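J.: Just passing along the structure, written as C-alpha cells.
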Amino acid sequence: MRKTATVKTSTAKTAKTAAASARTAAGAKATTASKAPKAESHLAMVRRARRINRELAEVYPYAHPELDFRNPFELLVATVLSAQTTDLRVNQTTPALFAAYPTPEDMAAAVPEEMEEIIRPTGFFRAKTKSLLGLSAALRDEFGGEVPGRLEDLVKLPGVGRKTANVVLGNAFGVPGITVDTHFGRLVRRWKWTDEEDPVKVEAVVAGIFPKSEWTMLSHRVVFHGRRICHARKPACGACPIAPLCPSYGEGETDPEKARKLLKYEMGGYPGQRLSPPADYPGKPAPALGAE
Numbered sequence: 000m001r002k003t004a005t006v007k008t009s010t011a012k013t014a015k016t017a018a019a020s021a022r023t024a025a026g027a028k029a030t031t032a033s034k035a036p037k038a039e040s041h042l043a044m045v046r047r048a049r050r051i052n053r054e055l056a057e058v059y060p061y062a063h064p065e066l067d068f069r070n071p072f073e074l075l076v077a078t079v080l081s082a083q084t085t086d087l088r089v090n091q092t093t094p095a096l097f098a099a100y101p102t103p104e105d106m107a108a109a110v111p112e113e114m115e116e117i118i119r120p121t122g123f124f125r126a127k128t129k130s131l132l133g134l135s136a137a138l139r140d141e142f143g144g145e146v147p148g149r150l151e152d153l154v155k156l157p158g159v160g161r162k163t164a165n166v167v168l169g170n171a172f173g174v175p176g177i178t179v180d181t182h183f184g185r186l187v188r189r190w191k192w193t194d195e196e197d198p199v200k201v202e203a204v205v206a207g208i209f210p211k212s213e214w215t216m217l218s219h220r221v222v223f224h225g226r227r228i229c230h231a232r233k234p235a236c237g238a239c240p241i242a243p244l245c246p247s248y249g250e251g252e253t254d255p256e257k258a259r260k261l262l263k264y265e266m267g268g269y270p271g272q273r274l275s276p277p278a279d280y281p282g283k284p285a286p287a288l289g290a291e
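Here numbering that gives the first Met the number 0 is used: the first residue of the sequence shown is 0, the next is one more, and so on.
Below, the structure is given as C-alpha cells:
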C-alpha cells in the first residue's frame with residue numbers, strides 16, 4: 000500500500016510540475032507576442048523612407064552619375080555599355096570609343112569588328128556593338144543626329160530600356176526619373192519600401208513615396224549607398240549611417256571596426272569610378288585603362 004501511495008504521489012507531483020511548466024511556457028509566449036513589433040503602417044514607412052533620403056543626402060552631398068560623359072549622346076552610349084559590367088570599366092573604355100566615333104553619324108558608319116575591339120573590355124561586346132550601331136543609325140535617321148528628350152522616344156532605340164532612358168533624362172536633360180538598377184532594387188527591398196522584384200513595379204512604388212523633384216537625386220544616393228556600404232553579399236551594417244532606420248540591420252557585419260574595412264571607393268579611401276569626377280567629389284579619380 001505504501002508503495003502504491005508513493006507512486007501516486009510522485010505521479011501527481013510530476014503532473015503538477017508539467018502543468019506549471021506549461022503555464023510558464025504559455026506565459027513566456029504571451030509575453031513575447033505582446034512585445035513583438037507591430038506591422039509598420041504605410042504612412043510610417045513613407046516617413047521612414049523620406050528620412051532615409053534626407054540622411055543619405057547628408058552622407059552623399061556629392062552624389063552624381065558615375066559614368067563619364069560630356070553630352071547626351073555620350074551618356075546614352077556609356078549607359079548602354081554599362082550593362083553587366085562596372086561604370087569604372089565603361090569609363091576606362093569610352094575615351095577611345097568617343098575619339099573614334101564622336102557623333103551618332105560617325106558611330107552609325109563604324110565597322111562592327113573595329114568597334115567590337117574597342118569595347119571588348121566591357122563584355123558582351125558583340126551584342127553591345129549591335130545596339131550602338133542600331134541606336135546611332137536611329138538617331139541619325141529619325142532624330143536629326145540628336146538624342147531625344149522624351150522617354151517614349153528613347154525606349155524605342157535599340158538597347159535602350161526604361162532604366163537607360165531615365166538615366167539620360169535625369170542627368171542630360173534635367174527630367175526627373177527613378178533609375179532602378181540592381182543596387183536600387185536591392186536596397187529598397189532591404190528597407191521594406193516594397194517587396195516587388197520587377198523594376199517597372201519598383202519604379203512605380205518608389206515614385207509614389209517621393210515627390211518628383213527628388214527622383215533623380217534619390218536614385219544617385221541609393222546607388223551610391225549600395226556600392227559603398229550596403230553591399231549585396233556582406234553589407235557593412237556596423238558602419239552604416241542609417242542603421243537605426245534599417246529594418247534589415249544585422250544582415251551584414253555589425254562590428255564597427257570590421258565593417259569599416261568593407262567600405263568601398265571614397266568611403267574606404269580608394270579611387271572612385273570616374274576618370275573625370277565632378278569638382279566636389281571627395282575621392283580620387285579612377286585610373287585609366289591599363290594603369291590600375
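Note that the Cβ used here is the ideal one computed from N, Cα and C, for glycine as well.
Predicted model only: the values in this text are computed from it and were never measured.
When you compare each of 56, 37 and 40 to residue 240 by their alpha carbons, which one comes out closest?
T.: Answer by Cα proximity: 56.
J.: Buried or exposed for residue 275, please, with buried defined as at least 16 other CB atoms from any protein chain shown within 10 angstroms of its CB.
T.: Exposed is the call here.
J.: Determine the direct distance from the alpha carbon of residue 166 to that of residue 160, and round the result to whole angstroms.
T.: If I take the Cα positions, the gap works out to 10 Å.
J.: Using a 10 Å radius around the Cβ and a threshold of 16 neighbouring Cβ atoms, would you call residue 59 buried or exposed?
T.: With 16 or more Cβ atoms within 10 Å of its Cβ, residue 59 is classed as buried.
J.: Note the first and the last residue of the continuous alpha helix (DSSP H) segment covering residue 52.
T.: Per DSSP, residue 52 belongs to the alpha helix (DSSP H) from 41 to 58.
J.: Taking only runs of the alpha helix (DSSP H) that begin and end inside the segment 125 to 187, which ones reach a length of at least 4 residues, in chain order?
T.: The segment 125 to 187 contains these whole alpha helix (DSSP H) runs: 150 to 153 and 161 to 171.
J.: How is residue 270 classed by DSSP in three states: helix, strand or coil?
T.: If DSSP states are grouped into helix, strand and coil, residue 270 belongs with the strands.
J.: Using only CA atoms, which one of 163, 93 and 246 lies nearest to residue 193?
T.: The candidate whose alpha carbon is nearest that of residue 193 is 246.
J.: Determine the direct distance from the alpha carbon of residue 37 to that of residue 28, and round the result to whole angstroms.
T.: With a pLDDT of 42 at residue 28, under the threshold of 50, the predicted position of this residue should be treated as unreliable, and no value is reported.
J.: Looking only at DSSP bridge pairs, what is residue 283 linked to?
T.: Bridge partners of residue 283: 270.
J.: Runs of 4 residues minimum, wholly inside the segment 210 to 244: which ones carry the alpha helix (DSSP H) assignment?
T.: Listed in chain order, they are 214 to 227.
J.: Under the rule that 16 or more other beta-carbon atoms within 10 Å means buried, what is residue 173, buried or exposed?
T.: Flag for residue 173 reads exposed.
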